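Using the numbering used here, the first residue of the sequence shown is number 6, and each one after it goes up by one.
C-beta: ideal position from N, C-alpha, C; glycine also.
These numbers were taken from a predicted model, which means no experiment stands behind them.
Beneath this line is the structure, given in structure tokens, with notes to follow.
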Amino acid sequence: MSFVPDRYCRQSLLPEIGQTGQRRLNESRAVIVGLGALGSCVANNLVRAGVGQVVLIDRDLVELHNLQRQILYSEDDLNVPKAVAAAAILKKINTSVEVETHTKDFNVSNAESLLAGADVVLDGTDNLQTRFLINDVCVKHTIPWVYAGAVGTGGMVMPILPGKTPCFRCLVPSQPGPGVLQTCDIAGVLNTIPSLIASLECTLAYQILTGQPDVGDKTSYLVHVDAWRQTFDRMSVGQRADCPCCREGRFESLDAVSREMITSLCGRDAIQITPAAQMEIPLPELEMRLSRLGEVRLTPYMLTFRSGKEEFSIFRDGRAIIKGTKDEATARSLYARYIGL
Ligand SMILES: [Zn+2]
């Protein structure tokens with residue numbers, strides 16, 4: 006077919022892609038949730054590969070410590086919304102791709118509309134709560150998605166095709182204890198691992214978009230990579246008989262997240278976040294983790310952490326008050342960063 010542009014000839018030469026596969030990529034819509042290290046590497050790959058519509062969702066601004074690994078941003082982009090900065094460079098890389106940007110918090114109020122019409126959803130998030138929400142929307146609307154995560158020197162990917170494979174809650178049945186999970190803000194991240202994981206993630210997306218996902222009937226697989234130890238492990242993942250999401254059709258995150266309350270505390274330059282789920286934060290453990298990053302004070306009831314101009318106070322039940330900002334998205338972002346939810 007002559008309308009396939011020349012710029013993709015090295016890709017359409019591959020028997021795995023071919024002219025037909027390239028045309029499918031050109032006609033596809035991919036949504037990337039989160040534009041940190043993973044998301045920016047993913048966006049770069051998809052736009053260069055000619056995925057026709059690429060949707061970018063991120064609530065954050067570019068910060069100096071992002072530049073170590075978030076390949077789409079430069080020093081000129083500091084304090085610019087990531088989705089805006091990313092779109093500017095992506096449109097220069099490939100003018101034939103339609104890049105749509107959303108500088109917003111991805112949450113229950115907008116998740117279904119933001120993912121509507123996607124041929125594939127790619128994980129660029131940094132927390133499990135958002136992944137549970139993506140999983141609920143994708144299973145509910147039968148949208149394929151690729152789970153991916155990277156922290157420290159390791160990372161993992163798993164293709165999820167609702168109706169065909171297990172879902173994310175078959176892999177991670179419930180939210181682990183808050184404050185226990187590793188996040189890049191606490192554990193650090195080697196800059197080679199997000200690009201490696203993003204490459205695997207995009208390859209899975211190309212397989213899905215060209216109709217060649219390498220998954221079995223009711224099985225999928227998880228690939229775990231450690232860049233420092235130079236190890237790749239692939240393990241199969243089966244469907245859980247009691248999975249509330251893909252077996253029973255109950256979308257608990259779509260319901261639960263809606264009860265999370267983010268309140269602006271009048272006249273105090275502060276935001277309060279009240280989580281939806283019952284939880285018990287292990288404050289002494291959190292203190293140990295956060296003490297490497299800033300000044301921490303612990304009482305039996307709460308932990309206060311100061312970093313930069315914001316002061317973050319968290320109670321044992323997960324409620325947090327973030328002082329020094331009036332912006333809900335900034336507060337939610339700090340909550341995800343330090344608590345890992
Ligand atoms: Zn499931």
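N- and C-terminal bounds of the beta strand (DSSP E) containing residue i
i, result
"residue 36", "34–38"
"residue 107", "103–107"
"residue 238", "236–243"
"residue 1", "Limits of the chain in this structure are 6 at one end and 346 at the other, which puts residue 1 out of reach."
"residue 154", "150–156"
"residue 303", "300–303"
Secondary structure of residue i, DSSP reduced to three states
i, result
"residue 275", "strand"
"residue 3", "Residue 3 lies beyond the stretch modelled for the chain, which goes from 6 to 346, so this question has no answer here."
"residue 68", "coil"
"residue 226", "strand"
"residue 320", "strand"
"residue 285", "coil"
"residue 257", "helix"
"residue 328", "strand"
"residue 89", "helix"
"residue 54", "helix"
"residue 267", "strand"
"residue 62", "strand"
"residue 166", "coil"
"residue 95", "helix"
"residue 81", "helix"
"residue 11", "helix"
Cβ-Cβ distance between residue i and residue j below 8 Å
i, j, result
"residue 40", "residue 93", "no"
"residue 160", "residue 201", "yes"
"residue 190", "residue 152", "no"
"residue 214", "residue 29", "yes"
"residue 348", "residue 227", "It is not possible to answer for residue 348, since the shown part of the chain is limited to 6 through 346."
"residue 43", "residue 199", "yes"
"residue 102", "residue 57", "yes"
"residue 178", "residue 165", "no"
"residue 171", "residue 144", "no"
"residue 37", "residue 52", "no"
"residue 64", "residue 110", "yes"
"residue 54", "residue 77", "no"
"residue 115", "residue 341", "no"
"residue 205", "residue 162", "yes"
"residue 3", "residue 86", "The structure shown does not extend to residue 3, since the chain is modelled only from 6 through 346, so no value can be given for it."
"residue 126", "residue 120", "yes"
Cβ-heavy atom distance, residue i to ligand 1, below 7 Å
i, result
"residue 252", "yes"
"residue 244", "yes"
"residue 348", "The requested residue 348 is not part of the displayed model; the chain covers only 6 to 346."
"residue 171", "yes"
"residue 136", "no"
"residue 174", "yes"
"residue 46", "no"
"residue 143", "no"
"residue 248", "yes"
Endpoints, the alpha helix (DSSP H) within which residue i is located
i, result
"residue 122", "Neither: residue 122 is in no alpha helix (DSSP H) and is coded neither H nor E."
"residue 292", "288–295"
"residue 139", "133–146"
"residue 27", "23–31"
"residue 17", "14–17"
"residue 333", "333–344"
"residue 199", "197–214"
"residue 191", "189–192"
"residue 174", "173–176"
Cβ-heavy atom distance, residue i to ligand 2, below 7 Å
i, result
"residue 253", "Ligands in the displayed structure: ligand 1; ligand 2 is not one of them."
Closer than 8 Å to chain D by CB, residue i
i, result
"residue 209", "Absent here is chain D; the protein component of the structure consists of one chain."
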